[in-house]
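S.K.: Counted the way my numbering counts, the sequence shown spans residues 3 to 416.
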Amino acid sequence: MEPIPTIRRTPLFFASCIALIVTAMTFAFRAGLEGVWGEEFNLSKEQLGWIFSPAFWGFTLAMIFGGPLCDVLGMKRLIGLAFVGHLSGIILYILAKDSTMLFAGSVCIGIGNGMVEAACNPLIVSLYPNNKTTMLNRFHVWFPGGIAIGGLVAYLFISQLHIDWHIMVGILILPVIAYGVLFFGLKFPKTERVTRGISTAEMFKACLSPLFLLMIVCMFLTAATELGTGSWIQALLQGVQVSGILILVFINGIMALGRSMAGPFIHKFNPAGMLIFSAVFATLGLVLLSHSNGYAAFGAAFVFAVGICFFWPTMLGFVSEYLPKTGALGLSLMGGAGMFSVSLILPAMGKWYDTFKAEALTVGVQPLQAEAIAGSSTFLKVAIMPAILIVIFILIYLFRKKNPAEESLGPTNP
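#1: Counting C-beta neighbours from all protein chains within 10 Å, is the total for SER334 16 or more, i.e. buried, or is it exposed?
#2: If you follow the alpha helix (DSSP H) that HIS168 is in, where does it begin and where does it stop?
#3: For HIS164, count neighbouring C-beta atoms within 10 Å of its own C-beta (all shown protein chains included) and say buried if the count is 16 or more, exposed if not.
#4: Going by other Cβ atoms of all chains shown within 10 Å of its Cβ, with 16 needed for buried, is ILE160 buried or exposed?
#5: Would the beta-carbon of ALA57 fall within 9 Å of that of ILE20?
#6: Suppose contacts are defined by Cβ-Cβ distances below 9 Å. Is TRP167 in contact with TRP39 by that definition?
#7: Taking 9 Å as the threshold (C-beta atoms), are ALA339 and THR8 in contact?
#8: Using 9 Å as the threshold, is the C-beta distance between LEU129 and ALA17 below it?
#9: Tell me which residues share the same chain as PHE320 and place their Cβ nearer than 8 Å to its Cβ, disregarding the 5 neighbours each side in the sequence.
#10: For the candidate residues ALA302, HIS142 and GLU42, whose alpha-carbon lies nearest to that of PHE252?
#11: Under a Cβ-count criterion, where at least 16 other Cβ atoms within 10 Å of its own Cβ denotes burial, should GLU4 be classed as buried or exposed?
#12: Alpha carbons only, please: which of MET137, GLY152, LEU229 and LYS99 is nearest the one belonging to VAL24?
#13: So, helix, strand or coil for ALA208, using DSSP?
#14: Assign GLY309 to buried or exposed, taking buried as 16 or more other Cβ atoms, counted over all protein chains shown, within 10 Å of its Cβ.
#15: Please look up how many angstroms separate the CB atoms of VAL384 and THR227, rounded, as I've assumed it's under 8 Å.
#16: Where does GLN102 land, buried or exposed, given buried means 16+ other C-beta within 10 angstroms?
#17: Pair every Cβ in the stretch 283 to 303 with every Cβ in the stretch 230 to 245, then say whether three or more of these pairs are closer than 8 Å.
#18: How big is the Cα-Cα spacing for GLY337 and MET221?
#19: Of the choices LEU50, CYS122 and ALA330, whose alpha-carbon is the least far from that of LEU104?
#20: In whole angstroms, give me the CA-to-CA distance for LYS207 and ASN133.
#21: Do LEU286 and PHE300 have their C-beta atoms within less than 9 Å of each other?
#22: Does the Cβ of GLY114 have 16 or more other Cβ atoms within 10 Å, making it buried, or fewer, making it exposed?
#23: Three-state secondary structure (DSSP) at LEU397?
#24: Taking the CB atoms as reference points, tell me whether VAL143 and ARG261 lie closer together than 9 Å.
#25: Tell me the rounded alpha-carbon separation between PRO124 and ALA150.
#26: Taking a contact to mean a Cβ-Cβ separation below 9 Å, would you say GLY91 touches THR28 in this structure?
#27: Three-state secondary structure (DSSP) at THR8?
#28: Using the Cα positions of MET65 and ALA84, report the straight-line distance between them to the nearest angstrom.
#29: I need the straight-line Cα distance from LYS78 to GLU204, nearest angstrom please.
#30: Cutting at 7 Å between CB atoms, please list the residues of its own chain near LEU425, excluding the five before and the five after it.
#31: Which residue's Cα is closest to the Cα of TYR157: MET263, ASP356, PHE31 and GLY82?
#32: In the structure shown, what three-state DSSP assignment does MET3 receive?
#33: Using the three-state DSSP reduction, which class does PRO131 fall into: helix, strand or coil?
#34: Hey, out of LEU138, LEU35, VAL244 and TYR95, whose CA is closest to GLY172's CA?
#35: Once DSSP output is grouped into helix, strand and coil, what is the label at MET225?
#36: Just how far apart, CA to CA, sit LYS99 and ILE93?
In structure tokens form, the structure reads like this:
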């Protein structure tokens, strides 16, 4: 990379982490606000689903459009759009009088979240060209970290202290202002693609390569395994006599810890090897969750957390290291595909759960046991996805050994 002494890597990385914490906390607050908004605004589950859906498709659209615009507008302007989206969404939530304003707030929040990923992923890659996957993992520590923080805040405010939800949502303004102020005074580097002299045409062509398209398919499966299960974990564990929200916080705590220590693992296994490791543990964790009961669920959740811990950032790191010509567009398409897959898997998992529960009830099973059976069967069905990934990642690993890809481009700056 171009050695520009005025680029301050540590403050830029720190501000990026705060922006990602905001993104994660909006996901955590969603779970806490569902019941509150349903009661206050007299909304059905379907209506709530429509209100929250922009968290996924708004995120996806922002990333897909943000990727090509990253080099045109610059990463700093995308961060500005994220700031405006977050702040507008929070204000709309606080002032909401009906479901339309809540929906509009969710659209703004979703766009803000997507712009954070669209700008910050290529920013991290540009700041640390020799250590991409490790630093992407360290950056993405703060997605599970932010979910854990947001989950605990929501649990404390809504379930324990019964504080008005407007105050809880208003708290988000503080970290939004913080990352906005930090980024405003900092100079941004050029993206890695621009620094390498790779043309826009080459970037689009690289995004049509067979390996990249295969990684998009894999991103659908990894994201659905991680975020789909995380979104449904509370419902899936209803029948096993353990707090789903505590399991969720536990999983995200393990993920945050694991990502913060990713460096030695990546050095030992490389990104392709890490993905095999992750798929194996994710599959095993889901199988164990399907058979767990009581506090044993924490042990199964630990195995699952180890599996999904490295999925998202290592998928991005793989593309950045082995397919660098895809540039910011490649990273955005990967992230967008991941979030879009979650919007598809959530209703599918809900349907699986309802079907399994109905089947159990029709044969005379008690409701609580029927919920346990439905959760167990759904975990096993989801486990098919990482099991497929084990095979795909092994084939990619073997292919990479025989055909080293574009990493021969190498970093441009120590």
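Here a beta-carbon is modelled for each residue, glycine too, at the ideal position from N, C-alpha and C. This structure is a prediction, so every number in the text was calculated from the model and none was measured.
M.R.: The structure says:
#1: Counted from its first residue, the sequence shown places residue 334 at position 332. Result: buried.
#2: Within the sequence shown, residue 168 is the residue found at index 166, counting from 1. HIS168 -> alpha helix (DSSP H) spans 167 to 173.
#3: What you label residue 164 is simply residue 162 of the sequence shown in a count that begins at 1. By the neighbour-count rule (16 or more Cβ atoms within 10 Å), HIS164 is not buried but exposed.
#4: Locating residue 160 in the sequence shown gives position 158, counting from the first residue. Flag for ILE160 reads buried.
#5: What you label residue 57 is simply residue 55 of the sequence shown in a count that begins at 1. What you label residue 20 is simply residue 18 of the sequence shown in a count that begins at 1. No, the Cβ-Cβ distance between ALA57 and ILE20 is not below 9 Å.
#6: Working through the sequence shown from its first residue, we reach residue 167 at position 165. Working through the sequence shown from its first residue, we reach residue 39 at position 37. Yes; because the gap between Cβ atoms is below 9 Å, this pair is in contact.
#7: Within the sequence shown, the letter at position 6 stands for residue 8. Within the sequence shown, the letter at position 337 stands for residue 339. No, Cβ-Cβ distance for THR8 and ALA339 is not below 9 Å.
#8: Here the question's residue 129 lines up with position 127 in the sequence shown. Here the question's residue 17 lines up with position 15 in the sequence shown. Not closer than 9 Å, so no.
#9: Along the sequence shown, one-based indexing puts residue 320 at 318. Cβ neighbours of PHE320 beyond the five flanking positions: THR135, MET217, PRO273, ALA274 and LEU277.
#10: As a first step, residue 252 must be located in the sequence shown, where it is residue number 250. Minimum Cα distance to PHE252 is reached at ALA302.
#11: Within the sequence shown, the letter at position 2 stands for residue 4. For GLU4, the pLDDT reaches just 46, beneath the cut-off of 50, and the residue's location in the model is therefore unreliable, although a value from the coordinates is still provided. It is exposed - the Cβ of GLU4 has fewer than 16 other Cβ atoms within 10 Å.
#12: As a working mapping, residue 24 is identified with position 22 in the sequence shown. Considering only alpha carbons, the answer is GLY152.
#13: Translated into positions along the sequence shown, residue 208 becomes position 206. ALA208 falls in the helix class under three-state DSSP.
#14: By one-based count along the sequence shown, residue 309 stands at place 307. With 16 or more Cβ atoms within 10 Å of its Cβ, GLY309 is classed as buried.
#15: Position 382 of the sequence shown, counted from the start, is the residue given in the question as residue 384. Position 225 of the sequence shown, counted from the start, is the residue given in the question as residue 227. Yes, they are in contact, since the Cβ atoms of VAL384 and THR227 sit about 6 Å apart, within 8 Å.
#16: The residue you call residue 102 lines up with position 100 of the sequence shown. Note that residue 102 corresponds to Thr in the displayed sequence, not to Gln. Result: exposed.
#17: yes
#18: On the sequence shown, residue 337 is found 335 positions in, with the first residue counted as 1. On the sequence shown, residue 221 is found 219 positions in, with the first residue counted as 1. For GLY337 and MET221, the distance between alpha carbons rounds to 8 Å.
#19: The sequence position of residue 104 within the sequence shown is 102, counting from 1. Ranking LEU50, CYS122 and ALA330 by Cα distance to LEU104 puts LEU50 first.
#20: Here residue 207 corresponds to residue number 205 of the sequence shown, with the count starting at 1. Here residue 133 corresponds to residue number 131 of the sequence shown, with the count starting at 1. Using only the alpha carbons, I get a separation of about 25 Å.
#21: Position 284 of the sequence shown holds residue 286. Position 298 of the sequence shown holds residue 300. Taking 9 Å as the Cβ cut-off, LEU286 and PHE300 do not qualify as a contacting pair.
#22: On the sequence shown, position 112 is the one that residue 114 refers to. GLY114 comes out buried.
#23: Walking along the sequence shown from the start, residue 397 turns up at place 395. DSSP places LEU397 in helix when its eight states are reduced to three.
#24: Taking the first residue of the sequence shown as 1, we reach residue 143 at position 141. Taking the first residue of the sequence shown as 1, we reach residue 261 at position 259. Going by C-beta atoms, VAL143 is nearer than 9 Å to ARG261.
#25: For the purposes of this step, residue 124 is taken as the residue at position 122 of the sequence shown. For the purposes of this step, residue 150 is taken as the residue at position 148 of the sequence shown. Answer to the nearest angstrom: the Cα atoms are 25 Å apart.
#26: As a working mapping, residue 91 is identified with position 89 in the sequence shown. As a working mapping, residue 28 is identified with position 26 in the sequence shown. In contact: GLY91 and THR28 (Cβ atoms closer than 9 Å).
#27: Counting from one through the sequence shown, the residue named residue 8 turns up at place 6. In this structure, THR8 counts as coil in the three-state DSSP scheme.
#28: One-based indexing of the sequence shown puts residue 65 at position 63. One-based indexing of the sequence shown puts residue 84 at position 82. C-alpha separation (whole angstroms): 11 Å.
#29: Position 76 of the sequence shown, counted from the start, is the residue given in the question as residue 78. Position 202 of the sequence shown, counted from the start, is the residue given in the question as residue 204. Their Cα atoms are separated by approximately 24 Å.
#30: Missing from the structure shown is residue 425; the chain here goes from 3 to 416 and no further.
#31: Residue mapping note: residue 157 aligns to position 155 of the sequence shown, counting from 1. Of the listed residues, the one whose Cα sits closest to TYR157 is PHE31.
#32: Sequence index remark: in the sequence shown, residue 3 carries index 1 (1-based). With a pLDDT of 44 at MET3, under the threshold of 50, the predicted position of this residue should be treated as unreliable, and no value is reported.
#33: Taking the first residue of the sequence shown as position 1, residue 131 is located at position 129. In the structure shown, PRO131 sits in coil (DSSP, three-state: anything other than H, G, I, E or B).
#34: The count along the sequence shown starts at 1 and reaches residue 172 at position 170. When only C-alpha atoms are compared, the closest one is TYR95.
#35: Taking the first residue of the sequence shown as position 1, residue 225 is located at position 223. In the sequence as presented, Met is not what sits at residue 225; that position holds Ala. It is helical.
#36: Walking along the sequence shown from the start, residue 99 turns up at place 97. Walking along the sequence shown from the start, residue 93 turns up at place 91. In a straight line, the C-alpha of LYS99 is about 12 Å away from that of ILE93.
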